[in-house]
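Take a look at the structure set out below.
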Amino acid sequence: MTMTIDLPVDRRQDELWRCVSCGGDARAASGDGPIRCDSCGFEYAIRDGVVVVREGSSDNNEIARTFYDGPLWPKFRFWEWFTFVCLGGERRARGQILRHLPEAPGLRLLDVAIGDGVYLPWLPRDWSVVGIDVSSVQLRNCQPRIADRDVTLVLGEAESLPVRDDRFDAALSIGAFNYFNDPEQALREMVRAVRPGGTIVVADEVPDLTDYLPLRKLGLAGVERWMVSRLMRLGDDFAEMVQRYRTLDVEGIARRVLPDCEYRTIWRGMGYVVVGRVPG
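End of the sequence shown = 370 in our numbering, gap-free, step of one.
Written out as structure tokens, the structure reads:
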């Protein structure tokens, strides 16, 4: 299967889709029609090569969607670039995460919060990837990177993945887990979608990353928030969300879902990666 920005979603994926409304099996209609649930009739439209499961979001997911779809993300990108430069470059930094994926030909990968897919060209060309994200702008930016690759893009939420059980060999999520509406539910969904024995890899910044700034210790938490919101261009809503989840227990969440998982810090302590295998 090959999908480019000019082609509709491949119609041979009838054994992939799951209805987020009732949990039933869904499949592609004939011709260029939508993907429709066999049980309740719920439909996923196909728009510009993207499977549209859910256009609107709520709570944290909506804050993230607004950030990435709006003007702040391109302005914040400098800080992401600067951080990666300090870590030896983006490919090297992301490689600390990607190296945990299995080395297997024809691997079926579920990428949750795929974003603009900057690392897709670094993955084996024979892998099959389904990437989901809440941001239509990020998915559009991802599309030039998927030409001549087996990649399907989905607009939807991590807490309710539109795929059937045991359909993937591995699941990956980079840079979003801390601020999903429900990180534990999102992780359980990844486990559901991956076959027994398959690999789950989740990575993000450590939730208390802003504690690296000395301002909070000096009693200047308000100045810290101003820097994150205005200087770093995250915006007020995203900055407030960052502060609200500073104490998120990522390792505890991971071990409730994947008891034998490995949790380690990366990026000189600024990030973490969780690696586990689906039981069974």
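Virtual Cβ for every residue (Gly too), placed ideally from N, Cα, C.
Per the DSSP secondary-structure output, residue 366 pairs in a beta bridge with 290. For residue 354 against residue 274, the beta-carbon gap comes to about 20 Å, at or over 8 Å, which does not count as contact. Boundaries of the alpha helix (DSSP H) harbouring residue 167: 162-176, taken from the DSSP string. Residue 157 carries a helical assignment under DSSP once its states are collapsed to helix, strand and coil. Sequence-distant Cβ neighbours of residue 150 in its own chain, meaning closer than 7 Å and more than five residues away, are 269, 270, 271 and 331. About 4 Å separates the beta carbon of residue 224 from that of residue 155, a gap short enough to meet the 8 Å contact definition. The secondary-structure analysis by DSSP pairs residue 245 across a beta bridge with 142 and 223.
Per the coordinates, the alpha-carbon of residue 295 lies some 21 Å from the alpha-carbon of residue 349. Proximity to residue 285 across 222, 343 and 367 peaks at 367, based on C-alpha coordinates.
With distances taken between CA atoms, residue 175 lies nearest to 358 out of 200, 334 and 358. According to DSSP, residue pairing for residue 201 in a beta bridge involves 221 and 262.
In this structure, the CA atom of residue 144 is about 21 Å from the CA atom of residue 257.
Contact check between the stretch 202-220 and the stretch 242-256: three or more CB pairs, one atom from each, fall below 8 Å, which counts as touching.
Check the Cα spacing between residue 300 and each of 292, 361, 277 and 229: the tightest is with 361. When secondary structure is reduced to three states using DSSP, residue 130 falls in the coil class, being assigned neither helix nor strand. Boundaries of the beta strand (DSSP E) around residue 356: 352-356.
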